[in-house]
Amino acid sequence: MLKIRIKNHRVNNHFQLSNIRINVLPKEIFALIGKSGSGKSTVAKLAVGLSQDEFCSIQINGIELNDHNERLIPQFFKAGYLPQNLHLKPFHTVLDFLNIIFQKSISPQKEIIRYVKIFHLQKILNTQVTYLSGGEKQKLGILNAISEPIEYLVLDEPFSQLDTEQKLEFALIIKEIIELKNIPCLLISHDLSDVLKLSHSIGIIHQGKIILNGDIQKLIKSQNEIVINLRNALFHWHDSNHFTIENLKKL
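Have a look at this one:
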């Protein structure tokens, strides 16, 4: 299980992360949803050791990723991380990229063949990165994240540059990967509709605080004013009477 505890972490002059508690079981996805500037990407960076804070505790499978001074130790983190902004070398072909990221594997060729099938890369192996679509680049990003042994996966806005068809394909890939590797996944998004069918539990973050943490039923029933406003805004629905389980299943 992945456990994230953030007592207090200043994000900027306006607010700070406080009392963040996230639990994610293996083979499950926790979606952290919030508007731009809510602190969700900061949570992601803390979760993979890219930010430091003495008031933050990350635990995976019962092991604390902190030293005796409560500092996060990056080398302890066996996390796969897909950042919000990918930086890929434009003139590498897809096959070049795969050879590079899997070169330390015990059986590089077997790994490449395996993931080419899972990610449906057969037709673009000789294509340079610069000519790939947003969805194809995201596939390389997640492949890079899982190319070494990992214990959990953190995805920051994985659907932000994808069309509807690509989102569906990518969601299926994410599910297959976490089940294959038996790992928990923290997924960051600003769009609730992108993650409803994919996630096992959902947290809504607002100004550095998780104001709702639970399943879809809890999301629908919440009478918290901020949750209601975020809920309606995220779905672009202004009639809250239409917000039902039946409508969610149609998304």
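Counting from 1, position 114 in the sequence shown corresponds to residue 306 in our numbering; the numbering is continuous, with no gaps.
C-beta: ideal position from N, C-alpha, C; glycine also.
Values in this document were obtained by computation on a predicted structure and should not be read as measured data.
Looking at the DSSP output, Gly406 shares a beta bridge with Ile394. With respect to the C-alpha of Pro341, the residue from Ile250, Leu317, Gly272 and Asp355 having the closest C-alpha is Gly272. Ile380 is positioned such that its CB atom lies closer than 7 Å to that of Lys232. For the pair Glu361 and Gly326, the Cα-to-Cα distance works out to about 13 Å. By the Cβ rule, the stretch 372 to 387 counts as touching the stretch 215 to 232, because three or more pairs are nearer than 8 Å. In terms of Cα proximity to Phe289, the closest of Gly333, Ile310, Lys309 and Gln399 is Gly333. By the CB criterion at 7 Å, Gln276 and Asp383 fall outside the cutoff.
The three-state secondary structure of Ile316, taken from DSSP, is helix. Here the alpha carbon of Leu390 sits roughly 14 Å from the alpha carbon of Pro218. Closest by C-alpha distance to Gly229, out of Lys302, Leu388 and Ile397, is Ile397.
Look at Ile221 here: in three-state DSSP terms it is strand. The alpha-carbon separation between Met193 and Leu372 amounts to approximately 16 Å. Within the stretch 279 to 367, the alpha helix (DSSP H) runs of at least 4 residues that lie entirely inside it are, in chain order, 286 to 293, 300 to 310 and 326 to 338. Taken through DSSP and simplified to helix, strand or coil, Ile412 comes out as helix.
Burial state of Pro350 is buried, judged by a 10 Å Cβ sphere holding 16 or more other Cβ atoms.
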